[in-house]
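As given, the protein sequences belong to chains A and B, one line each in that order. When the letters of the first sequence are read in order and numbered with the numbering used here, they come out as residues 290 to 822. When the letters of the second sequence are read in order and numbered with the numbering used here, they come out as residues 179 to 729. Beta carbons: idealized from backbone N, C-alpha and C, even for Gly.
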Amino acid sequence: MLILVNFIGLLVGLFSIEYMRNDPAKHRYFGFIGLFLFSMVGIILSGNLFQMYFFWELVGFSSYLLIGFWYTKPEAIAASKKAFLMNKIGDMSLLIGIFLCFQHFGSTQITSLTSFGQNSDDLTIIGLLLFGGCIAKSAQFPLHTWLPDAMEGPTPISALIHAATMVAAGIYLIIKVFPIFTPSALIWISTIGCISMLMAGVKAILQSDIKKVLAYSTISQLGLMVLAVGAASPNSAFYHLLTHAFFKAGLFLSAGSVIYSVHNASPTIDAQNMYLMGGLRKKLPITFISYIICTAAMIGLPLFSGFISKDQIIEIWYHKAGLFSQVMFISLLISSVLSALYMGRQIWLIFGASSKMEASVTDNLMEDSLWIKSTIIILAICSTFLIAFVFHIPFPAINSLSVITTILALVGLIAIYFLRGKLMITYHYQSIIDAFYENQIAKNMVRLANQISAFDRIIFDGFTILATNITIIFSNLIKWLDYTLIDGFVNSIVKITARTGKYFTRIQSGQFQWYISAMIVILLLLFVFSGGI
Amino acid sequence: MSILSILLFLPLIGSAIIALSPKKVEKYASWFTLIISLIGLIIALYIAMDFDKATASYQFLEQLDWITVSLGSIGTLSIDYILGVDGISMPLVVLAAIIQVIGAISSFEIQTKVKGYFSTYLLLSGSVMGCFLALDFFLFFLFFEFMLLPMYFLIGIWGGKNKEFASIKFFIYTLIGSIFILVVMIGIYLSAVDPVSTAQSIGLVQNINLISPEIIGTVQDLIAKGEIPTENIVHTFDFRFLSDTANYLPNSILSLVQENNIGGINVRNLAFLLLFVGFAIKLPLVPFHTWLPDAHVEAPTAISVVLAGTLLKIGGYGFIRIAYSIFPDSAVHYAYWIGIAGIFSIIWGAYNSLSQTDFKRQIAFSSVSHMGFVVIGIASLTAEGVNGAIFQMFSHGILSAMLFLIVGVLYYRTGNRQISDFQGIANKMPAFTVFVVIAFFASLGLPAFSGFIGEFFSLMGAFNSSHFPKYFTALAAFGIVIGASYFLWTFKRIFLGNFWIKNEAILMTDLKYYEWIMFVILAIVTLSIGIMPNLIFDISADSVKEFLKLF
Chain A
290 MLILVNFIGL
300 LVGLFSIEYM
310 RNDPAKHRYF
320 GFIGLFLFSM
330 VGIILSGNLF
340 QMYFFWELVG
350 FSSYLLIGFW
360 YTKPEAIAAS
370 KKAFLMNKIG
380 DMSLLIGIFL
390 CFQHFGSTQI
400 TSLTSFGQNS
410 DDLTIIGLLL
420 FGGCIAKSAQ
430 FPLHTWLPDA
440 MEGPTPISAL
450 IHAATMVAAG
460 IYLIIKVFPI
470 FTPSALIWIS
480 TIGCISMLMA
490 GVKAILQSDI
500 KKVLAYSTIS
510 QLGLMVLAVG
520 AASPNSAFYH
530 LLTHAFFKAG
540 LFLSAGSVIY
550 SVHNASPTID
560 AQNMYLMGGL
570 RKKLPITFIS
580 YIICTAAMIG
590 LPLFSGFISK
600 DQIIEIWYHK
610 AGLFSQVMFI
620 SLLISSVLSA
630 LYMGRQIWLI
640 FGASSKMEAS
650 VTDNLMEDSL
660 WIKSTIIILA
670 ICSTFLIAFV
680 FHIPFPAINS
690 LSVITTILAL
700 VGLIAIYFLR
710 GKLMITYHYQ
720 SIIDAFYENQ
730 IAKNMVRLAN
740 QISAFDRIIF
750 DGFTILATNI
760 TIIFSNLIKW
770 LDYTLIDGFV
780 NSIVKITART
790 GKYFTRIQSG
800 QFQWYISAMI
810 VILLLLFVFS
820 GGI
Chain B
179 MSILSILLFL
189 PLIGSAIIAL
199 SPKKVEKYAS
209 WFTLIISLIG
219 LIIALYIAMD
229 FDKATASYQF
239 LEQLDWITVS
249 LGSIGTLSID
259 YILGVDGISM
269 PLVVLAAIIQ
279 VIGAISSFEI
289 QTKVKGYFST
299 YLLLSGSVMG
309 CFLALDFFLF
319 FLFFEFMLLP
329 MYFLIGIWGG
339 KNKEFASIKF
349 FIYTLIGSIF
359 ILVVMIGIYL
369 SAVDPVSTAQ
379 SIGLVQNINL
389 ISPEIIGTVQ
399 DLIAKGEIPT
409 ENIVHTFDFR
419 FLSDTANYLP
429 NSILSLVQEN
439 NIGGINVRNL
449 AFLLLFVGFA
459 IKLPLVPFHT
469 WLPDAHVEAP
479 TAISVVLAGT
489 LLKIGGYGFI
499 RIAYSIFPDS
509 AVHYAYWIGI
519 AGIFSIIWGA
529 YNSLSQTDFK
539 RQIAFSSVSH
549 MGFVVIGIAS
559 LTAEGVNGAI
569 FQMFSHGILS
579 AMLFLIVGVL
589 YYRTGNRQIS
599 DFQGIANKMP
609 AFTVFVVIAF
619 FASLGLPAFS
629 GFIGEFFSLM
639 GAFNSSHFPK
649 YFTALAAFGI
659 VIGASYFLWT
669 FKRIFLGNFW
679 IKNEAILMTD
689 LKYYEWIMFV
699 ILAIVTLSIG
709 IMPNLIFDIS
719 ADSVKEFLKL
729 F
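Dropping the structure here:
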C-alpha cells in the first residue's frame, strides 16, 4: 500500500509537471499534493484508530484544497465544499465508532480489535459506524455523490485522489479493521457495496463527460472491493485495491492526456465532452494503447491485472451458499458486463469512429510531452499481469468461471460495437439522491437555521424586551405610587400641619378678653374632669 | 510583592498612568499599552515555565489579610487577598496574556479618544486577569463585577451604530448573572468555615505555621459536632476551603448534612443552579446567549477579540472553580441536564450561525456553539472531558480571536460586514486567505490544529461519561457537521470565486505588517498546541484529577 501510494504519487507528480505547466499557482498545487501524500502515508502507517482518524481528516482537508484548486470556478468550489461535508458526515460516524471501540476494547490499537466472528449487537454497531467512515471516503451509496462532482479538480488530482489513493483509504480502513465485523455487519456491508457497484455502473453508461464516466466506474469498482470485504475476504479486496489503483490511475492520466491535448489544440472547446471527440486513436496513439490496456485490466480480460483480482472476488461469492450470496454473485456478473459496456462506449466515443472536431483543431492535436507519455506507459505496464509478481498476488485458477466472466466482458464490448451509432445518449437527469440532499436536507437545514435564528430574535430577545418593558412599566407604577401615595402622605402631613398651624394662629389673636375667657373655660373643664366637684 | 501580584497590578497601574498622563503624550498610549501587555505576557510565560506540573495544589500562592470583621456572637468574617494558580487556571492566565497582547496590537486602529480607550482597555485586562488569579470568592467577585465597567464603556463609546443598546444589554445580562452569584455568596458566607483560622481562634494552635492536616481534621470534627462556640467561628470565602464539604456548619443553610429546602428544591441544588446560571450567562449558554451577538457586532475589533478570547472563558472557569467545586453533589445531580444544555447550545449556536448574513454575527454564534463543547466536557465529569474543556477554552480563545480579527480586517478596509457584499477576496488578498483557511479549518476541527483536540476530548469525555447516554455525543457530533457547513459556506461566499465587492472604489490591500504579526502569533499557537496538546494537558492533568476526586 505504501509503495502504491508513493509510486502513484510520484507518477502523478511527474505528469503534473507538464499538465500544470502554464498554471500561475503551480507552487500551491504541488504544496497541496505534498500535504495530501503526507496525510495519506499517515493513514497507512497508523497503528491505532485515533492516529488514523487524525490523518483521515487531513486527507479530507487536502482533498478539499485540491478539488477547489481553481477557486474562481464556481463548480469547483461547490464540489470541494460538497466533498468535504460528505466526508465530514462519514468522519463523525467513524469518530463515534472509534469512541465505541475505545470503550469496548479499552484500546484503539488496530490489532486488538476483533469480534471473533461472533454476532453481537454492540460490535455490529461499532463495525457499521467504522464502515460509515468508509462509505463517505470511498464514495459508497448513499454518500457517493461527491465523487463525480469532484472531477472539477485538475485531472492528475482525480487520478491521484479519486482513483488510486484517497478513495482507497476507506477500503484500506475496513480491510484493516476487518476482524471487528460481525456476520450481520458483513451482510450490511455487502449490500451497500452491491448497490453502489450496480448503480454506479449504470450511471457510468449515461455520462458524456470523460472524467465522470471514470468517476462512476471508480465508485463501481470500490463497491466491488467493499463486496469482497463483505465476503469475508479482505485479501482479495486488497488485491483488487492494488490492481485498481494502477489501471484507474492509468485511465485518469490517459484521460488527462486527452483533455490536455484537446485543450491545447483548441482552448474554446469543451475538452471533457466525449461527444465532441472521436478518431483520436490516430493522433494520440500512445494514449490510445494505454487506454486500451487499462480498460482491458478493468473489465477483467485475461493477462491483465484486473482479471486476477476480480476473478477471485467473483469466485468467493460463487462458492458461498445461500440466496444472498447468489444475488451477490449475479450482481457481480452484471457489473462485469456493465463495466465492459461503459468502458467500451467511452473508448469508441473518444478514439473510435471518425473525428467530430473541425479540421483546424484535429490538425493541431498531437501527443504530448515526454512526461505525460512516460507516466501513462508505466501505468499501462502496471496494469498487466506483471503487477501480480510485484505484489505477490496469487493467480486464480483458470476454470469455467473465469471463462464465463471473460465471455461476459467480451459480450459487453461486442454489444458496444453493434450499438456504435447510438452511443451519444442525451439523457438529462439529476441524480435522485443529489436532488434529495439538495432539496430536502440542505434546504431544510437552512430553513431550520433561519427558524432557529428567528426564534432567537423573537422569543429569547422578545423575552428580554418583555422583561425590560415590564420593568419600565413597573417603575412607572412605582413612580406614580411614590408620587401619589408616599409623597401624597408626606405632603398631606405637611398640609395638615400647616392647616392646624393656621387654625391655632387664629387663637393667638392678641385680644386679652379672649385669653381670659379661654382660661376660665379650661379651668372649669379641669375641675369637671378631675373630680366632678 | 510576588509575581502574581505584579502580573495583576501591572495593567491596573498602567491604566492609571495613562489616565493621569497629559493629553499631549496621548499618541504614545498605544505603544505603552503594548509594552505593558508584552511584559505581562513574558511574566505569564515565565510562570507557566516555572509551574510545577507534578502537583495539583495551588502555586505561587500569596495571601494577605484584607478585611477581617468581627461579627460578635456569630463569629468573624475573614476576606483575604489570595492569589494562586493551579493547572486549571494556568492555561487561562497564559491565554489572557496572549489575548491582551493581540488586543493591544489590534487597538492601534483606534483613532478617537485614544487616552481613554487604552486606559479602559488595561483596566479590563487587569480585571480579567484578576478573575483567573483570585482564590478568594469575594476577590473573584470583585474583579468579576469590575470587569463590567470598562467593558460597558469600551462598547458604549468606541462601538458601532447601535452601541448604546448593545452595551446596556451586555451590562444588564451580566449584572443579573452577578446577582445570582452574589446571593449564593451570602449563603456561603453564612455556612462555610475557615478551619485554619478557626483552629487559631479556639486556641488549638498558636502559630499558623503549625497547622497540620490532623488539626484541620480535628476542627472539622468539631464543626460536624457543632462544638465550636459560634463567636469563635471564622467565616471564609477561600476557594481552597469552600470545596471541602466538611468545612460547612452542620446547621447552616448550605450544609450537606441537613437537607434544607426552599420551595421543594434542596438549597444546595438551588445555590448550584444560581451559580450555574450566573456563569452560563457569561459563557454564554443558550438561552442566555442573545447579548453576545449584539455586543460583538457593536464592539470594536480589539474588544471583540478580548470578549470572545478571554471574557467568555471566565464562565467556563467559574463552572469548574466555583459552581462545580463548591457543590459537587448538585453538579452530579444535574449532570444530565447540563449535558443537554451543552448539546443544545452546540446545535443551536451552529444553526444560528448558518443563517446569519452578517459575518461578525456568524462568528459570534459560532462562539456560542464552540463554548457548548466546554459545557459538555465539564458536565461529563470525566478526566478526558474536563481536560478537553480546559483545552477547548484555550483553543477557542485563540481561534475566536483569530476569527474576529479576520472580520476586523475586512471591516477595517470596507466598513462592511455583510457576507453577500464580498466575493473572491482570495484573488486580492492571498496571504490573508491563508490565515482564514487556518482559522476556519482549525475552528471546524481539523486535526493538527487546536480545535480538533478540544472538541475531540470533550466529545470523548461526554462519550465515556456515566452521567448521560451515548447518543448525546452523536448529537454533538452532528453540531460539528453543521459547523463545517457554515464555515465552508462562508469561506466559499466571501473568499472564493471571482473578485467582487460591493463598493468597488475600495482597493483591497493584503495584510499590513501589524496584522501579519497578530495572525502569525495566533496561527503558531493554534498549530503548536494542536500538534503538541501535552503543552496544556501536562499542566491541567493533575489539577483535574484532584478536581474529579470531589465527585
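| Item | Value |
| --- | --- |
| From Phe-358/A to Ala-504/A, what distance separates their C-alpha atoms? | 18 Å |
| Assuming Trp-336/B is part of the beta strand (DSSP E), what are its boundary residues? | First-last for Trp-336/B: 326-336, but that is the alpha helix (DSSP H), not the beta strand (DSSP E). |
| Who are the near neighbours of Phe-358/B in its chain, counting only those whose CB is closer than 6 Å to its CB and skipping five residues on each side? | Leu-452, Val-455, Gly-456 |
| For Val-659/B, would you say it is in contact with chain A, using Cβ-to-Cβ distances shorter than 8 Å as the test? | yes |
| Any chance the region 196-209 of chain B sits against the region 219-232 of chain B, with 3 or more Cβ pairs inside 8 Å? | no |
| CB Ser-621/B to CB Leu-532/B, shorter than 8 Å? | no |
| Return the chain-ordered list of same chain residues with a C-beta closer than 6 Å to the C-beta of Ala-234/B, the five sequence neighbours on each side being excluded. | Asp-720, Ser-721, Glu-724 |
| Taking Cβ positions, are Met-696/B and Ile-283/B nearer each other than 8 Å? | yes |
| Closer than 8 Å, CB to CB, is Gly-459/A near chain B or not? | no |
| Residues of chain B with CB closer than 9 Å to the CB of Glu-727/A, please, in chain order. | Ordered by position in chain B, no residue passes the 9 Å Cβ test against Glu-727/A, which lies about 13 Å from the chain. |
| Is Asp-411/A close to chain B? Criterion is C-beta to C-beta, closer than 8 Å. | no |
| What does the alpha-carbon distance come out to for the pair Glu-727/A and Tyr-564/A? | 28 Å |
| Could you pull out every unbroken alpha helix (DSSP H) segment of at least 4 residues lying fully inside the region 252-313 of chain B, listed in chain order? | 267-284, 292-311 |
| Can you name the residues of chain B whose CB is closer than 9 Å to the CB of Gln-398/A? | Ordered by position in chain B, no residue passes the 9 Å Cβ test against Gln-398/A, which lies about 16 Å from the chain. |
| Is Phe-321/A closer than 8 Å to Ser-351/A when the C-beta atoms are compared? | yes |
| Using a Cβ cut-off of 8 Å, which residues of the region 732-743 of chain A contact any Cβ in chain B, in chain order? | Met-734, Val-735, Leu-737, Ala-738, Asn-739, Ile-741, Ser-742 |
| Are Arg-595/B and Ile-684/B closer than 8 Å when you measure CB to CB? | no |
| So does the region 657-666 of chain A actually touch the region 729-745 of chain A, counting three or more Cβ pairs closer than 8 Å? | no |
| Suppose contacts are defined by Cβ-Cβ distances below 8 Å. Is Gly-494/B in contact with Ala-567/B by that definition? | yes |
| Measuring only the C-alpha atoms, how far is Ser-375/A from Gly-349/A? | The identity of residue 375/A in the sequence shown is Met, whereas the question assumes Ser. Computed Cα separation, rounded: 10 Å. |
| Check the DSSP bridge columns for Thr-246/B and list the partner residues they point to. | Ser-256/B |
| Contact check, Ile-616/B vs Ala-701/B under 8 Å by CB: the rounded distance? | 5 Å |
| Buried or exposed for Met-463/A, please, with buried defined as at least 16 other CB atoms from any protein chain shown within 10 angstroms of its CB. | The residue you asked about is not Met; residue 463/A is Ile in the sequence shown. Buried, because 16 or more other Cβ atoms sit within 10 Å of the Cβ of Ile-463/A. |
| List the DSSP bridge partners of Tyr-426/B. | Ala-370/B |
| Taking 8 Å as the threshold (C-beta atoms), are Thr-454/A and Met-587/A in contact? | no |
| Can you round the beta-carbon distance between Thr-673/A and Ser-543/A to whole angstroms, since I take them to be within the 8 Å contact cut? | Thr-673/A to Ser-543/A, Cβ: 15 Å. No contact. |
| Per the DSSP calculation, Gln-601/B is bridged to which residue(s)? | Trp-678/B |
| If we cut at 8 Å on Cβ distances, does Leu-384/A have a partner in chain C? | In the structure shown, chain C does not exist; the protein chains are A and B. |
| List in chain order: all unbroken alpha helix (DSSP H) runs of 4+ residues lying wholly within the region 645-700 of chain B. | 649-673 |
| Check whether the Cβ atoms of Ser-643/B and Thr-535/B lie closer than 8 Å to each other. | no |
| Please work out which residues of its chain come closer than 8 Å, Cβ to Cβ, to Leu-347/A, disregarding the five sequence neighbours upstream and downstream, and give them in chain order. | Leu-324, Phe-327, Ser-328, Gly-331 |
| From Leu-705/B to Trp-694/B, what does the alpha carbon distance come to, in whole angstroms? | 16 Å |
| Select from Phe-793/A, Arg-634/A, Ala-448/A the residue whose C-alpha is nearest the C-alpha of Leu-303/A. | Ala-448/A |
| Which residues bound the alpha helix (DSSP H) around His-474/B? | 469-476 |
| For Leu-320/B, which three-state DSSP category applies? | helix |
| Taking the alpha carbon of Phe-627/B as the reference point, which residue from Leu-588/B, Ile-709/B, Ile-597/B, Gly-550/B has its own alpha carbon closest? | Ile-709/B |
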